[in-house]
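Here's the structure we're looking at; comments come further down.
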Amino acid sequence: MQKSLDIPTPPIDPYHNGFDNEEVVRNTSESNKDTISPKHNYYLSQSINRNRQTEEQCTNSDVIKRKEIYTYTAPFNLYSAGWSFRSESSYRFRLAVASFIEEYNNKVQIVQLNEDAQQFYATATFDHPYPATKVIWIPDTKSTHRDLIATTGDYLRIWCVNKDNSVSLELLMNNNRSSEYCAPLTSCDWNEVDFSLIGTSSIDTTCTIWQVETQQPIFKTTQSQESHVKTQLIAHDQEVYDISFSRLGSGRDIFGSVGADGSLRMFDLRHMEYSTIVYEDPYRTPLLRLSWNKQDPNYLATFSKDCYYVTILDVRVPSIPVAKLENNKSYINGISWAPHSSCHLSTGFGVQALIWDIHQMPKPIEDPILAYAADGMIEQIHWSASMTDWISICYDNNLQLLRV
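Given below as structure tokens:
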């Protein structure tokens, strides 16, 4: 296991006592609990804002009960995970996780932490063909719509979580009905402004924007001809690995994508006759993921295959990185912007989960402000939109929630 970065320990904070054995909650038996060394601690920084007034109102018992790490151990290896966006107390600490089993039959579980019992429970488990490459909840923070989950794999599927916690398949999206074969989907994103729009990326070089109500693609970047597609654009020259909507403008129309050709491209649903190349890797190394800044959408982050750094870009100055967040110990495998801050970004480097403060850009950013070392290689990292002081990571068969 790799060690956490050697970052100076801050002054003692009564709300953060580090992670000893009693601070770790696992759903395994007492005899199987792992020892968490001080090297696994988050190194706290005053640059991450906290609502101290709310903290001070907590009773001593509340402070004692508050944990820094929660761990759910699944009955299978995990790859993808997604936080529920709902803000009601009854939906706190609720996530969907998907298995990575090298066969057709895979699983998706909905898990939720019981804060009184300090333990995770699987509230629902349902079958999923092939491993889900992405799991995302409808970004409905006000609970005005049905409780929906989107997954990608062989197709885009929409699932409904019913009031009795049962899960039913609502929609299966397929725009290639002329063939029994399908091109696997690598990722998807749900539009935060218009919940009827979901974007998918595929290894067939295309991105498709789906209208959920009609189950029809309203926009597809492709080199082929489809009778039901309103327009065609030349997309990536090779496989597309990720897609993400931006909050630029109204927050509805702009999305970006990255792919095996080493480029990051930006599209606008209002002007589908062209796209903008925001960045190209100098060695044409495939770009694997992108993530838009939630508070300042002029900025976004991406990283390439077998890379030791995250590239921060400004769409107003294409092609020129404004910062690089480097870690020469491990390849990067995940990025997620803080939903409530324009200058904080979480990354997964090997076994390390790191939090960066980029407010000093364009000055070089030498080190992260927080660091945590997991017990295995991190597959994905996500920042909760409704509980902004928590991030999630997946490694091996574990889902772990970390308080920042």
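Residue 177 in the working numbering is what sits at position 177 of the sequence shown, and the numbering runs on without skipping anything.
Where a beta carbon is used, it is the ideal one built from N, C-alpha and C, also for glycine.
- DSSP, reduced to helix, strand and coil, places Ser-90 within a helical segment of the structure shown.
- Rounded to whole angstroms, the separation of the alpha carbons of Ala-301 and Asp-357 is 13 Å.
- Residue nearest to Asp-242 within the set Arg-403, Ala-374, Glu-280 and Thr-186 is Thr-186 (criterion: CA-CA distance).
- Per the coordinates, the alpha-carbon of Leu-264 lies some 13 Å from the alpha-carbon of Tyr-299.
- Bridge pairing for Met-173: Leu-156 [DSSP].
- Per DSSP, the continuous beta strand (DSSP E) segment holding Gln-211 begins and ends at 207 to 211.
- Between Gly-256 and Val-193, the C-beta spacing is not below 8 Å.
- Judged by DSSP secondary structure, Asp-314 falls within the beta strand (DSSP E) whose first and last residues are 309 to 314.
- The three-state reading of DSSP puts Phe-100 in coil, since its state is none of H, G, I, E or B.
- Counting C-beta atoms within 10 angstroms of its own C-beta, Lys-142 has fewer than 16 neighbours from the protein chains shown and is therefore classed as exposed.
- Positions of the beta strand (DSSP E) runs, each at least 3 residues long and wholly inside the region 293 to 364, are given as 299 to 304, 309 to 314, 323 to 326, 332 to 337, 344 to 349 and 352 to 357 in order along the chain.
- Asn-114 sits exposed, since fewer than 16 C-beta atoms from the chains shown fall within 10 Å of its C-beta.
- Tyr-155 and Ile-369 have their C-alpha atoms roughly 39 Å apart.
- Rounded to the nearest whole angstrom, the CA to CA distance from Arg-270 to Gly-249 is 11 Å.
- If you draw a 10 Å sphere on the C-beta of Ala-323, you find 16 or more other C-beta atoms in it, and that means buried.
- Straight-line measurement puts the Cα of Tyr-279 at about 10 Å from the Cα of Asp-314.
- Under the DSSP definition of a beta bridge, Asn-114 partners with Gln-119.
- Rounded to the nearest angstrom, the Cβ distance from Ala-96 to Asn-106 is 13 Å, too far for a contact under 8 Å.
- In the structure shown, the three-state DSSP call for Val-278 is strand.
- Only buried fits Ala-371, as 16 or more other CB atoms lie within 10 angstroms of its CB.
- Of the residues assessed, Ser-341 falls on the buried side of the cut-off, its CB having 16 or more other CB atoms within 10 angstroms.
- Going by C-alpha positions, Ile-320 is about 10 Å away from Thr-311.
- With respect to the 8 Å criterion, Gly-262 and Arg-284 are classified as neighbours on the basis of their beta carbons.
- Shown here, Pro-368 sits in coil according to DSSP, grouped into three states, outside any helix or strand.
- Burial state of Tyr-130 is buried, judged by a 10 Å Cβ sphere holding 16 or more other Cβ atoms.
- 8 Å or more divides the Cβ of Ile-332 from the Cβ of Ala-353.
- With three or more CB-CB distances shorter than 8 Å, the region 390 to 401 counts as touching the region 71 to 80.
- In the DSSP assignment, His-382 falls within the unbroken beta strand (DSSP E) covering 378 to 383.
- Judged by DSSP in its simplified three-state form, Val-240 adopts strand.
- Cβ-Cβ distances below 6 Å link Ser-346 to Ser-336, Ile-355, Ile-381, Trp-383 and Ile-391 in the same chain, with the five nearest sequence neighbours on each side left out; the list follows chain order.
- Secondary-structure assignment with DSSP links Pro-129 through a beta bridge to Asn-105.
- When the beta-carbon positions are compared, Ala-117 and Ile-136 stay at least 8 Å from each other.
- Burial is judged here by how many other beta carbons sit within 10 angstroms of a residue's own beta carbon; Asn-328 has fewer than 16 and is exposed.
- In the structure shown, Leu-401 adopts extended strand secondary structure according to DSSP, grouped into three states.
- Boundaries cannot be given for Val-193, as no beta strand (DSSP E) includes it and DSSP labels it neither H nor E.
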